[in-house]
Amino acid sequence: MIFQPRVLFNYPAATLLWLTLMLSGCNTAALYQDDIYNPPVYWGQHMVKSGETLYGIAWRYGRDYRELGNANGLRAPWTIRAGQVLRLDKRGRAPATAVAGAGAKRNATAVTSSSARTPKPTRQPAITRKPDTSAPLASQTQTVADIKWRWPHSGTVIANFSASGKVNKGIDIAGKSGDSVRAAAGGSVVYAGSGLLGYGNLVIVNHSEQYLSAYGHNRKILVKEGENVQAGQIIAELGNSGADRPMLHFEIRKNGNPVNPAYYLPAR
Numbered sequence: 005m006i007f008q009p010r011v012l013f014n015y016p017a018a019t020l021l022w023l024t025l026m027l028s029g030c031n032t033a034a035l036y037q038d039d040i041y042n043p044p045v046y047w048g049q050h051m052v053k054s055g056e057t058l059y060g061i062a063w064r065y066g067r068d069y070r071e072l073g074n075a076n077g078l079r080a081p082w083t084i085r086a087g088q089v090l091r092l093d094k095r096g097r098a099p100a101t102a103v104a105g106a107g108a109k110r111n112a113t114a115v116t117s118s119s120a121r122t123p124k125p126t127r128q129p130a131i132t133r134k135p136d137t138s139a140p141l142a143s144q145t146q147t148v149a150d151i152k153w154r155w156p157h158s159g160t161v162i163a164n165f166s167a168s169g170k171v172n173k174g175i176d177i178a179g180k181s182g183d184s185v186r187a188a189a190g191g192s193v194v195y196a197g198s199g200l201l202g203y204g205n206l207v208i209v210n211h212s213e214q215y216l217s218a219y220g221h222n223r224k225i226l227v228k229e230g231e232n233v234q235a236g237q238i239i240a241e242l243g244n245s246g247a248d249r250p251m252l253h254f255e256i257r258k259n260g261n262p263v264n265p266a267y268y269l270p271a272r
């Protein structure tokens, strides 16, 4: 997969270093594990390819989908077209440029923002720690920001969230290939595919104006973009796509910023 803004401006040294890191990242740690390979991008342009959504593009560049959309004159449901050029700077403008014969519209329905370096931790919302302890762990929920969260898989956490040092924008949960991956909360599937480097087969679910969750390294995706899912619904089969062992990489993002899932999921 190639991750390359269309306009490089006049920063040859920095640009070459950045591109070198991006390309070397294909054979090293996943993007979400080391922020140097995935800094938020606020320069250049992106030409929309067939099959892309605003959510996936925003996630790739470390941006909030609403910020990126508004900067380019887009409004909900965030429809983009193949061949359309999106400016990545904050001012943006809505260049309605489209390549002749470009593909059909993409309806982007409900994904990500940060500073030019490692994102500052987002203030965590008040947590209502009232899990249903009478239920099995896998079905226990915890209400945070008016959303009932549950664990997407009952396996052991093998890598925790980290916003500094070796960055991990979510948590990694061990499991067996083929295990069920469940939606951590109800919402709408806004991305289902393998186009984001380092995540393998990835599902992104939009839960509200502020919150999205992501499920990476799946063996098989069982839902489609635009599909509504319920909390606990099976959305994928656990696997090792884009990883060296079967596991689930799970993220929660608030206004585009990665936040620690431990603040949202029921205590174990």
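Sequential numbering from 5 applies to the sequence shown in the numbering used here. Heads up, the beta-carbon is just placed ideally off N, CA and C, and yes, glycines get one too. The structure displayed is predicted, hence computed values, not measured ones.
Looking at the secondary structure, which residues open and close the beta strand (DSSP E) in which residue 195 lies? On the sequence shown, residue 195 is found 191 positions in, with the first residue counted as 1. 191–197 is the span of the beta strand (DSSP E), which, as asked, contains residue 195.
How should residue 249 be labelled, buried or exposed, when 16 other C-beta atoms within 10 angstroms of its C-beta is the threshold for buried? Your numbering for residue 249 matches position 245 in the sequence shown. Residue 249 should be labelled exposed.
Residue 183 to residue 262 span [Cα, whole Å]: Taking the first residue of the sequence shown as 1, we reach residue 183 at position 179. Taking the first residue of the sequence shown as 1, we reach residue 262 at position 258. Approximately 25 Å between the Cα atoms of the pair.
Could you check the C-alpha separation between residue 251 and residue 165 for me, to the nearest Å? Taking the first residue of the sequence shown as position 1, residue 251 is located at position 247. Taking the first residue of the sequence shown as position 1, residue 165 is located at position 161. Just so you know, the alpha carbons of residue 251 and residue 165 end up roughly 15 Å apart.
Whole angstroms are fine: how far does the CA of residue 69 sit from the CA of residue 213? Taking the first residue of the sequence shown as 1, we reach residue 213 at position 209. Taking the first residue of the sequence shown as 1, we reach residue 69 at position 65. The straight-line gap from Cα to Cα measures roughly 10 Å.
In its own chain, which residues sit with a C-beta less than 6 Å from the C-beta of residue 253, not counting the 5 before and 5 after it? Looking up residue 253 in the sequence shown gives position 249. Sequence-distant Cβ neighbours of residue 253 in its own chain, meaning closer than 6 Å and more than five residues away, are 174, 176, 220, 221.
Distance, Cα to Cα, residue 94 vs residue 240? Residue mapping note: residue 94 aligns to position 90 of the sequence shown, counting from 1. Residue mapping note: residue 240 aligns to position 236 of the sequence shown, counting from 1. Rounded to whole angstroms, the separation of the alpha carbons of residue 240 and residue 94 is 35 Å.
Between residue 86 and residue 60, is the Cβ-Cβ spacing less than 9 Å? Translated into the one-based positions of the sequence shown, residue 86 becomes position 82. Translated into the one-based positions of the sequence shown, residue 60 becomes position 56. No; because the gap between Cβ atoms is not below 9 Å, this pair is not in contact.
Helix or strand or just coil, what does DSSP make of residue 74? Position 70 of the sequence shown, counted from the first residue, corresponds to residue 74. For residue 74, the secondary structure class from DSSP, reduced to helix, strand or coil, is helix.
Taking C-alpha atoms, which residue in 78, 156, 172 lies nearest to residue 202? Taking the first residue of the sequence shown as 1, we reach residue 202 at position 198. Taking the Cα of residue 202 as reference, the smallest distance to any Cα among 78, 156, 172 is reached at 172.
Inter-residue Cα distance where the pair is residue 168 and residue 65: Position 164 of the sequence shown, counting from 1, holds the residue named residue 168. Position 61 of the sequence shown, counting from 1, holds the residue named residue 65. Residue 168 and residue 65 have their C-alpha atoms spaced approximately 19 Å apart.
Grab the span of the beta strand (DSSP E) containing residue 215 for me, first residue to last. Your numbering for residue 215 matches position 211 in the sequence shown. First-last of the beta strand (DSSP E) with residue 215: 215–225.
Residues in its own chain within less than 8 Å of residue 205 by CB, not counting five upstream and five downstream? Walking along the sequence shown from the start, residue 205 turns up at place 201. 197, 198, 220, 221, 222, 223, 224, 225, 240, 243, 245, 246, listed in sequence order.
Does the Cβ of residue 30 have 16 or more other Cβ atoms within 10 Å, making it buried, or fewer, making it exposed? Your numbering for residue 30 matches position 26 in the sequence shown. Caution applies to residue 30, whose pLDDT of 39 falls short of 50 and renders its modelled position unreliable; the value that the coordinates give is listed next. Under the 10 Å beta carbon count, residue 30 is surrounded by fewer than 16 other beta carbons and is classified as exposed.
Distance, residue 47 Cα to residue 234 Cα: Position 230 of the sequence shown, counted from the first residue, corresponds to residue 234. Position 43 of the sequence shown, counted from the first residue, corresponds to residue 47. Between residue 234 and residue 47, the alpha-carbon positions lie close to 37 Å from each other.
For residue 187, the three-state DSSP class (helix, strand or coil): Locating residue 187 in the sequence shown gives position 183, where the first residue counts as 1. Here residue 187 carries a coil assignment [DSSP, helix/strand/coil].
Keeping to the same chain, check which residues put their C-beta closer than 6 Å to that of residue 163; ignore five residues upstream and five downstream. As a working mapping, residue 163 is identified with position 159 in the sequence shown. Around residue 163: 172, 176.
Considering just the uninterrupted stretch of the beta strand (DSSP E) at residue 63, what are its terminal residues? As a first step, residue 63 is located in the sequence shown; it is residue number 59 there, counting from the start. Where residue 63 is concerned, there is no enclosing beta strand (DSSP E), although the alpha helix (DSSP H) it sits in stretches over 58–64.
Are there 16 or more other CB atoms within 10 angstroms of the CB of residue 151, so buried, or fewer, so exposed? Locating residue 151 in the sequence shown gives position 147, counting from the first residue. Per the 10 Å Cβ criterion, buried.
Would you list the one or two residues that DSSP bridges to residue 146? Taking the first residue of the sequence shown as position 1, residue 146 is located at position 142. Looking at the DSSP output, residue 146 shares a beta bridge with 153.
With respect to the beta strand (DSSP E) encompassing residue 261, which residues constitute its N-terminal and C-terminal limits? Counted from its first residue, the sequence shown places residue 261 at position 257. For residue 261, the uninterrupted beta strand (DSSP E) run begins and ends at 261–263, by DSSP.
Let me know if residue 271 comes out buried or exposed under the rule of 16 or more other beta-carbons within 10 Å of its beta-carbon. Position 267 of the sequence shown holds residue 271. Its Cβ having fewer than 16 others within 10 Å, residue 271 is exposed.
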